[in-house]
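Below is one structure, written out as structure tokens; the observations come after it.
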Amino acid sequence: MKRWPNQAENLLYLEYDIQQDKPGLLGAVTTLIGMLDLNILSVTGIGQTRRGLLLQVQSKTKVRALHEALIEVGAIRVTAFRPPTLSDRIALRHGKRLDMVETNPPTYRFVREELGVLVDFLGDTLVQGGNHVIGIRGMPRVGKTEAAIAACVYANKRWILLSSTIIRQTIRTDLLLDESENSIFLIDGITSTTRGSNEHWALLEKVLQMPTLKIIEHPDVFLRDGRFEVDFDFIIEIRHHEDDVIRIEDISMSFTAFDLS
């Protein structure tokens, strides 16, 4: 997969919604951009009626001229004109917008067939690093651990399973000397709450205080346990199908129920 252009480059994301689908509309827009000597790096259809373009720009004057010209074009409505965000990058790569719910914390929704989009989104988030806690919510065997590990690999980060059902007896009580460096810690909320010893919870307390990335599966169960208060930066939900309902009360708390989750 082609990596995103260097952040030092002057990048602009343009997105517009088609109001009148006229023949040659895309050609007219790209011609206007070319006449202003702005370099088009990527053009992608987003959904049924939107187009997204990644531009390389050098002149703020020409950028302003482009914006002023585009808002006068009646056949389109400009919906984004900004330095590209992570959401914009995903839209350009996959031709669709992330399904985000404006809750606290924000919640991003995916179905299992979108695991490739999820890995890109989560992987690019992990590349940025920082002290963040990310929750992954979903029913058994929907791909939670699979997606988290794939995103760590994508980000070229070492992943440490502190509790998990992908390896049946993963309940860690200590860390090796070098495991706190450049690592992403994965915690299964159900495994920890049902099988974790006092030593295991002492390790979780230590890790949660580290300035590093943490991913917690079944965040609702983890919080319901009540031992720790955790501020999640955002939540990811994975479903088999869009109309699936994630119901914690329907999830078996037995250890074997979550093998390969």
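The number in our numbering is simply the position in the sequence shown, starting from 1, with 1 added.
Just so it is clear, CB atoms sit at the ideal spot from N, CA and C, and this is done for glycine as well.
Test item: CB-CB of Arg-110 and Glu-238 under 7 Å | Yes. Within cutoff.
Cα-Cα separation, Leu-15 to Leu-214 = 31 Å
Secondary structure, beta strand (DSSP E): runs of 3+ residues fully inside the region 205 to 256 = 214 to 218 and 235 to 240
Would a C-beta distance cut-off of 7 Å place Ala-151 and Val-120 closer than the cut-off?
-> yes
CB-CB under 6 Å to Glu-230, same chain, minus the five flanking residues each way: which ones, in chain order?
-> none
Determine the DSSP secondary structure at Glu-103, reduced to helix, strand or coil.
-> DSSP places Glu-103 in the coil class of the three-state scheme, outside both helix and strand.
Evaluate the contact criterion for the region 11 to 26 versus the region 51 to 70: three or more CB pairs, one atom per stretch, below 8 Å.
-> yes
Proximity to Glu-218 [Cα-Cα], best of Thr-174, Val-134 and His-201 = Val-134
Are there 16 or more other CB atoms within 10 angstroms of the CB of Ile-72, so buried, or fewer, so exposed?
-> exposed
Residues that Asp-189 bridges to, as DSSP identifies them = DSSP, once it has assigned bridges, lists Glu-218 as partnering Asp-189.
According to DSSP, is Gly-136 helix, strand or coil?
-> strand
Within the same chain, show all residues whose beta-carbon is closer than 6 Å to that of Ala-76, passing over the 5 residues directly before and after it, in chain order.
-> Gln-20, Gln-21, Lys-23 and Leu-26
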